[in-house]
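Residue numbers (the numbering used here), protein chains in the order written: chain A, 320 to 760; chain B, 275 to 401; chain C, 208 to 691.
Ideal Cβ placement from N, Cα and C applies to all residues, glycine included.
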Amino acid sequence: MRYIPHTQADRQAMLDEIGVSSVERLFDDIPARVTDRFRPLELAPKSEMEVARTLEGLASLNAAPREPVSFLGGGIYDHYVPSVVAHLTSRSEFYTAYTPYQPEISQGTLTAMFEFQTLVCELTGMEVANASLYDGATALAEAALMAVRVVGRPRIAVARSLFGHFRRVVDTYAWAAGIEVVEVPYTSAGRLDRSAIPEGVAGLLVQSPNAFGVIEDLGGLKEALGEGLLVVAVHPLSLGVLTPPGECGADVVVGEGQPLGLPASFGGPLLGLFACRERYLRQMPGRIAGRTVDVDGTVGYTMAVATREQHIRRERATSNICTNSALCALTATVYLATLGAEGLRELALLNLNKAHYLAEKAAALPGHSLVFDAPFFNEFVLRLPSEPRRIRSRLAEEGFLVEDPEPLARLGLPGALRLAVTEKRTKEELDRFVRVLGGIR
Amino acid sequence: MGYPTRFRYTKEHEWVDLEGKRAKVGITQHAQSELGDVVFVELPSIGKVVKKGDGLATVESVKAVSDVYAPVSGKVVEANAPLDAAPDTINKDPHGAGWLVVLEVADPAEVEGLLDAAAYERFLAEG
Amino acid sequence: MSTIFDQSRTERVGGLFPPLDVPTRKVDHLLPTSLVRTRAPRIPNKSEPELVRHYTRLSKMNYGVDDGLYPLGSCTMKYNPKICEDLARIPSFAGLHPLADTRHAQGALRLLYEMSERLCGIAGLAAVTLQPAAGAHGELTGMFLVKRHFEERKEPLRTRILLPDSAHGTNPASAALAGFTVTELASGKDGLVDLEALDASLDETVAAIMLTVPNTLGLFESRILDVTERVHSAGALSYFDGANLNAFLGRARPGDMGADLFHFNLHKTFSTPHGGGGPGAGPLAVSAALADFLPVPRVVHDPEGYRLDWDAPRSIGSVHSFYGNFSVVLKAYAYLLLLGDEGLREVSENAVLNANYLQERLKRTYRLPYDRLCKHEFVLSGAGLAEGVSTLDIAKRLIDYGFHPPTIYFPLVVKEALMIEPTECESKETLDHFIAAMETIAREARENPELLHEAPRRAPVRRLDQTRAARNPVLRHPFDEKAP
Numbered sequence: 320m321r322y323i324p325h326t327q328a329d330r331q332a333m334l335d336e337i338g339v340s341s342v343e344r345l346f347d348d349i350p351a352r353v354t355d356r357f358r359p360l361e362l363a364p365k366s367e368m369e370v371a372r373t374l375e376g377l378a379s380l381n382a383a384p385r386e387p388v389s390f391l392g393g394g395i396y397d398h399y400v401p402s403v404v405a406h407l408t409s410r411s412e413f414y415t416a417y418t419p420y421q422p423e424i425s426q427g428t429l430t431a432m433f434e435f436q437t438l439v440c441e442l443t444g445m446e447v448a449n450a451s452l453y454d455g456a457t458a459l460a461e462a463a464l465m466a467v468r469v470v471g472r473p474r475i476a477v478a479r480s481l482f483g484h485f486r487r488v489v490d491t492y493a494w495a496a497g498i499e500v501v502e503v504p505y506t507s508a509g510r511l512d513r514s515a516i517p518e519g520v521a522g523l524l525v526q527s528p529n530a531f532g533v534i535e536d537l538g539g540l541k542e543a544l545g546e547g548l549l550v551v552a553v554h555p556l557s558l559g560v561l562t563p564p565g566e567c568g569a570d571v572v573v574g575e576g577q578p579l580g581l582p583a584s585f586g587g588p589l590l591g592l593f594a595c596r597e598r599y600l601r602q603m604p605g606r607i608a609g610r611t612v613d614v615d616g617t618v619g620y621t622m623a624v625a626t627r628e629q630h631i632r633r634e635r636a637t638s639n640i641c642t643n644s645a646l647c648a649l650t651a652t653v654y655l656a657t658l659g660a661e662g663l664r665e666l667a668l669l670n671l672n673k674a675h676y677l678a679e680k681a682a683a684l685p686g687h688s689l690v691f692d693a694p695f696f697n698e699f700v701l702r703l704p705s706e707p708r709r710i711r712s713r714l715a716e717e718g719f720l721v722e723d724p725e726p727l728a729r730l731g732l733p734g735a736l737r738l739a740v741t742e743k744r745t746k747e748e749l750d751r752f753v754r755v756l757g758g759i760r
Numbered sequence: 275m276g277y278p279t280r281f282r283y284t285k286e287h288e289w290v291d292l293e294g295k296r297a298k299v300g301i302t303q304h305a306q307s308e309l310g311d312v313v314f315v316e317l318p319s320i321g322k323v324v325k326k327g328d329g330l331a332t333v334e335s336v337k338a339v340s341d342v343y344a345p346v347s348g349k350v351v352e353a354n355a356p357l358d359a360a361p362d363t364i365n366k367d368p369h370g371a372g373w374l375v376v377l378e379v380a381d382p383a384e385v386e387g388l389l390d391a392a393a394y395e396r397f398l399a400e401g
Numbered sequence: 208m209s210t211i212f213d214q215s216r217t218e219r220v221g222g223l224f225p226p227l228d229v230p231t232r233k234v235d236h237l238l239p240t241s242l243v244r245t246r247a248p249r250i251p252n253k254s255e256p257e258l259v260r261h262y263t264r265l266s267k268m269n270y271g272v273d274d275g276l277y278p279l280g281s282c283t284m285k286y287n288p289k290i291c292e293d294l295a296r297i298p299s300f301a302g303l304h305p306l307a308d309t310r311h312a313q314g315a316l317r318l319l320y321e322m323s324e325r326l327c328g329i330a331g332l333a334a335v336t337l338q339p340a341a342g343a344h345g346e347l348t349g350m351f352l353v354k355r356h357f358e359e360r361k362e363p364l365r366t367r368i369l370l371p372d373s374a375h376g377t378n379p380a381s382a383a384l385a386g387f388t389v390t391e392l393a394s395g396k397d398g399l400v401d402l403e404a405l406d407a408s409l410d411e412t413v414a415a416i417m418l419t420v421p422n423t424l425g426l427f428e429s430r431i432l433d434v435t436e437r438v439h440s441a442g443a444l445s446y447f448d449g450a451n452l453n454a455f456l457g458r459a460r461p462g463d464m465g466a467d468l469f470h471f472n473l474h475k476t477f478s479t480p481h482g483g484g485g486p487g488a489g490p491l492a493v494s495a496a497l498a499d500f501l502p503v504p505r506v507v508h509d510p511e512g513y514r515l516d517w518d519a520p521r522s523i524g525s526v527h528s529f530y531g532n533f534s535v536v537l538k539a540y541a542y543l544l545l546l547g548d549e550g551l552r553e554v555s556e557n558a559v560l561n562a563n564y565l566q567e568r569l570k571r572t573y574r575l576p577y578d579r580l581c582k583h584e585f586v587l588s589g590a591g592l593a594e595g596v597s598t599l600d601i602a603k604r605l606i607d608y609g610f611h612p613p614t615i616y617f618p619l620v621v622k623e624a625l626m627i628e629p630t631e632c633e634s635k636e637t638l639d640h641f642i643a644a645m646e647t648i649a650r651e652a653r654e655n656p657e658l659l660h661e662a663p664r665r666a667p668v669r670r671l672d673q674t675r676a677a678r679n680p681v682l683r684h685p686f687d688e689k690a691p
């Protein structure tokens, strides 16, 4: 096998040193009753060339029509990733390294973690951020658990307008922890119905832009919650132009970081963003890098406040998380550094403008309209004159990828499609889309 | 550093200094030495009522978190707030300025039942 | 160590995106003023060459498994095959959106389906979920399943999880997150589960036992069948943490040992890269009795092809946004295809051979608390080497010899523990160099301990002040203050 370096002579020398006659003797401690039951996979080994061919063959089964033009969203977007990002994150010193438990030889990982935490705080307007969680959904679930720990009440309010996949994960984690989940509906404007926020909750989970692409008005929400924590799930790129939740009274900000330079990769790996106010630092889950100095006074970075974590606190840890999404966080760091503040604003405005252009043109088609008259970033919901599933198939034949309308229907919006527009969509593509959409009978 | 004979001690390495109905509580020299540099202390709120053996406070070092248990039952009437800014006081002066809380004890006799300095030092020698 | 924040130009750099091709609208025509950001995030603007220099320099202050031996116990730092990296980048995989029409995702769905089947075959269990994004996540999902199982059976008294004192911290943390309390079992003198202690703890309040097999001392639970039989007789379930699967790949299956639940760490056993701490993948395999509780959606195969099935009324819900860490699963799948049955067996054979060789040579110089043949890892103690010298000192001195230190101070059952796992990918030559370094360090500890106390000297930074980092945490760049 290519990855095992031993020669026969090596193996024999080692067996002699250990003092056993054959390598089989090293497995005598596994009971025969167990090894007798063993069944192989009936899988012969393959060469590299053969495996490459097999996987390329599978990949070709993913055949999408023509050169697909994607309007898919839901937290995962088709953004342009500058070349430099892949080159830097493919350096093996970064990707073949382990968790930085020996900080003296992990300054690359730790410095990048520190940069990432700073960037997340800058984007969200929060005071402290961790070095990532698995994805936006589990980050939101962890925020709910944290709110319950801090306030001491096993009851949370969640906006109905969360992404379906965010809500499913929150519900699963809440059920296991014995936390009651109370849903808060949305208004005819597509925003959180403030009059329906229940009393006595440990926190409110709201998403902005929400599952309809609508930007929520967070002003005064914190005050309405009393002791409860305000948890806001964000779209990180939208914060290039939108007021960050930290300036609107949020206690915790979470989000899906995939738009920050990660490929869609059929939904994973993703990047869970988590940031909060300094006063909740010791309740925050996940790893954190901190600045310090070495014996010579040189500035360096190390894992800090680790006493919250599982390897020290065990069953009293703030979470069970060990492996996180480190390389994805590094990718996001390099991506944001490549953009710079100016580039991020430019990118956000490209997304904003193109989405509004499409929305205007599509809504002007006979029988079509925007479901909500509310501000949006790069995603919106369009009401259609006829069955959306049929329209989706017709669009696909022309190379346009849009989401399944079923989840929207479950959120109370039948007969509609959600569309996401990024900087990658050209005017030609947008105009052609409108032409095709308008021509569907 | 010796163990003040005026104090009483527990096997969880807490000390108690009783004056009338007020018991000052801290962790011992041995405890702070095992923990290493103290980086953070979490103290209970004033007015909290504890039974003997309940969790009272936590003391964190870089590598470990130590629970401090109530050596006797009582009510928290004072907490050593300056420890927030200077947790290392516990390392420097664990039996003096590094005190954690003052409890108003329900039953002063409970304190008498704890180890005296000699018994505590014997206990340390055995372990 | 400078960061990107230490120097910045305020001029824009640009050059990434073409100009807007649709009519430009003013922001205040599109959004109400209250929603528009007034203060820009303080992200530095850097030219591309400066950026590349900065991250290239950072990478050189790291140590990866491509640099040298990484003998971290229970981490299985094996070689990451480069073909797997390339395959994950095939555009129609890398660019595939999770909400794409499943008719356009047949290749990806089939890969997930086939990998699930193979993982069932390796586990010797009936069904698998690929959703968990890490081992701890797999453990949590497993605990959720245990909880649901007893909910359905109306056994609310079962609130306790048993685990050995050598368990990894994520085990009790996962149990606690799922609402269970944890009872630690003291290991026997032989380092294994003490059957008497087990019997004394097993009652109708126990939901499950969580075991790592082999355990974190690198010792195989030879009495495993007795353990799982007793657990099952008491009406409880057996959860196996698969972190140490490298020890018996290709020759034994957890299902045959009595496991009801078993999680994999694809970033350990299946060679996907660690990435500086993630992403990983922690698929969970379960027995037929628990299969209905697995998360949704599930990948199913019917005559029309592969699709996502959401119709599972007894499912616990979801634990991940979509279907798991797809590209990590892809790399692990390719690795599995490369190895085949033969390769899997070679992995455990050589992993165990390497560990025993190191153990045999190093026990002459260091204390070996459990002196018998081990599996893929073993634990030494740094205690007693020399006065005033700790395992931490030994670890830091190893850095000066060009090695990443082993795991230190774990498992907790051994004082001054040094947990060593070489993996199958290390040559005898590398192992001999490591042995030589460890022997030299032992001599230095007695003759010149300052070398250890002041280590590392040959690293990008010297020993870092952990106390200062924890006492006054600086967790993001202090923009408004002068640099320390």
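Report yes if the C-beta distance between residue i and residue j is below 8 Å; otherwise report no.
{"i": "C:Asn453", "j": "C:Ser555", "result": "yes"}
{"i": "A:Gly587", "j": "C:Tyr277", "result": "no"}
{"i": "A:Pro578", "j": "A:Val572", "result": "no"}
{"i": "A:Leu544", "j": "A:Val525", "result": "no"}
{"i": "C:His304", "j": "A:Ser389", "result": "yes"}
{"i": "C:His611", "j": "A:Thr415", "result": "no"}
Between residue i and residue j, what straight-line distance do the alpha-carbon atoms span, to the nearest angstrom?
{"i": "C:Ile606", "j": "C:Pro613", "result": "10 Å"}
{"i": "B:Asp381", "j": "B:Ser340", "result": "26 Å"}
{"i": "A:Asp613", "j": "A:Thr621", "result": "10 Å"}
{"i": "C:Ala341", "j": "C:Phe641", "result": "30 Å"}
{"i": "A:Val520", "j": "A:Phe485", "result": "19 Å"}
{"i": "A:Gln680", "j": "A:Lys673", "result": "It should be pointed out that residue 680 of chain A corresponds to Lys in this sequence rather than to Gln. The alpha-carbon atoms of A:Lys680 and A:Lys673 are separated by roughly 11 Å."}
{"i": "A:Phe696", "j": "C:His684", "result": "29 Å"}
{"i": "B:Val333", "j": "B:Ala355", "result": "13 Å"}
{"i": "A:Leu671", "j": "A:Thr443", "result": "19 Å"}
{"i": "C:Ala690", "j": "A:Val469", "result": "Because C:Ala690 carries a pLDDT of 45, less than 50, the predicted location of this residue cannot be relied on, and the following value inherits that uncertainty. Between C:Ala690 and A:Val469, the C-alpha separation is close to 33 Å."}
{"i": "C:Arg264", "j": "C:Lys538", "result": "28 Å"}
{"i": "A:Arg358", "j": "A:Ala351", "result": "13 Å"}
Within its chain, find whatever has a CB closer than 6 Å to the CB of residue i; leave out the 5 residues flanking it on each side and keep chain order.
{"i": "C:Gln566", "result": "Cys581, Phe585"}
{"i": "A:Ala569", "result": "Leu549, Val551"}
{"i": "A:Ile759", "result": "Ile710, Arg713"}
Quick one: what's residue i bridged to in DSSP?
{"i": "B:Gly348", "result": "B:Val324, B:Val379"}
{"i": "B:Ile301", "result": "B:Glu288"}
{"i": "A:Arg702", "result": "A:Ser688, A:Ala735"}
Tell me, to the nearest whole angstrom, how far the beta carbon of residue i is from that of residue j; I am working on the premise that it is less than 8 Å.
{"i": "C:Pro339", "j": "C:His470", "result": "7 Å"}
{"i": "A:Arg410", "j": "C:Ser266", "result": "4 Å"}
{"i": "C:Ala496", "j": "C:His474", "result": "Incorrect: roughly 29 Å between the Cβ atoms, too far for contact."}
{"i": "C:Val229", "j": "A:Tyr676", "result": "4 Å"}
Output needed for residue i: all residues of its chain with C-beta closer than 7 Å, excluding positions within five of it in sequence on either side, in chain order.
{"i": "A:Pro707", "result": "Pro724, Gly734, Ala735, Leu736"}
Note down, in chain order, each residue of its chain lying with its Cβ closer than 8 Å to the Cβ of residue i, except the 5 sequence neighbours on either side.
{"i": "A:Glu499", "result": "Pro473, Arg474, Ile475, Ala493"}
{"i": "B:Thr284", "result": "Val290, Tyr343, Pro345, Leu388, Leu389"}
{"i": "B:Asp362", "result": "Asp311, Val312"}
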